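*Asks:* Residue numbering for the sequence shown follows numbering that gives the first Met the number 0, beginning at 0 and increasing consecutively. A single structure is presented below for examination.
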Amino acid sequence: MNLLQSHDWETPAPIAYGAGRLREIAGHCRQAGMTRPLVVSDRGSSALPFVADTVDIMRQGGLNA
0 MNLLQSHDWE TPAPIAYGAG RLREIAGHCR QAGMTRPLVV SDRGSSALPF
50 VADTVDIMRQ GGLNA
């Protein structure tokens, strides 16, 4: 398996993996019926750009994150 390519896994919680897949998060949340998803992080990770990017992408997608 080439981990640099996009892949989908089906588990009790779906996992979308691959470059650029974060931009799909709002659609996945809406598909699951979420309007106010909760982003949980620790102090160290919360300072990293991907956490703010995640919240921004969800807000741009019409969610109240």
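Ideal Cβ positions, reconstructed from N, Cα and C, are used throughout, including at glycine. Predicted model, so just to flag it, every value in this text is computed and none were measured.
Provide the residue(s) that pair with D41 in DSSP beta bridges, ordered along the chain.
*Replies:* None, per the DSSP bridge assignment.
*Asks:* Tell whether a beta-carbon distance below 8 Å holds between I24 and I56.
*Replies:* Contact: yes.
*Asks:* The beta strand (DSSP E) that contains A51, what's its start and end?
*Replies:* Unbroken run through A51 is the alpha helix (DSSP H), P48 to Q59; no beta strand (DSSP E).
*Asks:* Apart from the five residues just before and just after G60, which ones in its own chain have a Cβ nearer than 6 Å to its Cβ?
*Replies:* Only A25 meet the Cβ criterion.
*Asks:* Which class does A15 belong to by DSSP, given the choice of helix, strand or coil?
*Replies:* Strand, per DSSP.
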